[in-house]
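S.K.: I am attaching a structure below and will ask some questions about it afterwards.
Residue numbers (the numbering used here): 3 to 252.
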């Protein structure tokens with residue numbers, strides 16, 4: 003029987019060629035090239051076929067050969083999987099967080115966690131970046147690979163407020179003191195604060211962790227130290243000594 007060239011072109015629903023896809027037809031298996039193509043010699047008749055590749059939804063169809071070569075276009079879809087996000091805070095006894103907004107790269111819309119701190123979405127196999135946001139918490143970003151149903155747990159750090167109160171001897175408050183603050187606890191990175199009339203500074207956003215500080219004011223000895231945030235706001239009290247400490251070497 004005369005045979006004709008039946009050329010299969012396998013692409014995704016986004017128009018990308020699919021290489022190494024397996025086509026089972028007429029009791030034989032054929033693999034597509036990196037360009038998504040394979041040519042199969044077939045005589046007249048109708049042939050059922052299946053197209054398979056790991057990570058893609060299998061396709062079953064048929065082709066009829068009738069006295070001529072033929073091109074067959076096959077569109078495959080990447081498999082989708084249910085992906086669940088569980089979001090907790092970083093308290094000593096973690097709480098599940100409701101109302102966390104989750105945005106996923108390449109996907110329109112926003113997911114929101116329920117009362118159990120969970121949100122589930124169907125995603126095609128591939129790489130994604132998920133961003134997490136909730137008022138009062140430091141935003142986070144998670145890179146993930148989807149290749150099956152999976153659950154990802156994300157911790158959001160609760161934001162606390164750190165401020166300083168500076169005084170001199172006998173607790174006289176000092177206005178205009180410069181305080182430099184740095185360290186892992188600061189949400190926005192290193193910053194400089196200045197005391198107001200009541201000797202306090204504006205607050206700066208922090209999360210659990212350590213911070214370094216140093217305070218300086220004309221006519222007073224500078225002071226420095228290390229502090230730590232632990233599940234609570236903090237007003238750090240600093241006392242400056244009038245005059246400078248001088249060390250003489252003889």
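Even glycine gets a Cβ: it sits at the ideal position worked out from N, Cα and C.
If I measure Cβ to Cβ from residue 70 and keep anything under 8 angstroms in the same chain, skipping five residues before and after, which residues do I get?
M.R.: So the list reads 6, once near-sequence residues are dropped.
S.K.: Hey, how far is the Cα of residue 226 from the Cα of residue 141?
M.R.: So the two alpha carbons sit approximately 30 angstroms from each other.
S.K.: Once DSSP output is grouped into helix, strand and coil, what is the label at residue 110?
M.R.: It is coil, neither helix nor strand.
S.K.: Please go through the stretch 112-170 and give each complete beta strand (DSSP E) segment of 3 or more residues, from N-terminal end onward.
M.R.: Runs of the beta strand (DSSP E) inside the stretch 112-170: 120-126, 128-135, 142-148, 152-158, 162-169.
S.K.: I'd like the list of long-range same chain contacts for residue 179, defined as Cβ closer than 6 angstroms, with 5 residues on each side in sequence excluded.
M.R.: Excluding sequence neighbours, residue 179 sits near 168, 197, 217, 219.
S.K.: Using 8 angstroms as the cut-off, can you tell me whether the stretch 179-195 makes contact with the stretch 105-122, which would need three or more C-beta pairs spanning the two stretches below that distance?
M.R.: No contact exists between the stretch 179-195 and the stretch 105-122.
S.K.: To which residues does DSSP link residue 83 through a beta bridge?
M.R.: Paired residue(s): 125.
S.K.: According to the neighbour-count rule (16 or more other Cβ atoms, all chains shown, within 10 Å of its Cβ), is residue 56 buried or exposed?
M.R.: It is exposed - the Cβ of residue 56 has fewer than 16 other Cβ atoms within 10 Å.
S.K.: Below 6 angstroms CB to CB, which residues in the same chain sit around residue 130 once its five sequence neighbours on both sides are set aside?
M.R.: Cβ neighbours of residue 130 beyond the five flanking positions: 106, 107, 146.
S.K.: Between which two residues does the beta strand (DSSP E) harbouring residue 33 extend?
M.R.: Counting along the chain, the beta strand (DSSP E) containing residue 33 begins and ends at 30-33.
S.K.: I'd like the span of the beta strand (DSSP E) that includes residue 44, first residue to last.
M.R.: Where residue 44 is concerned, the enclosing beta strand (DSSP E) stretches over 39-45.
S.K.: Work out the CA separation of residue 89 and residue 157 for me, nearest whole Å.
M.R.: Their backbone Cα atoms lie some 6 angstroms apart in a straight line.
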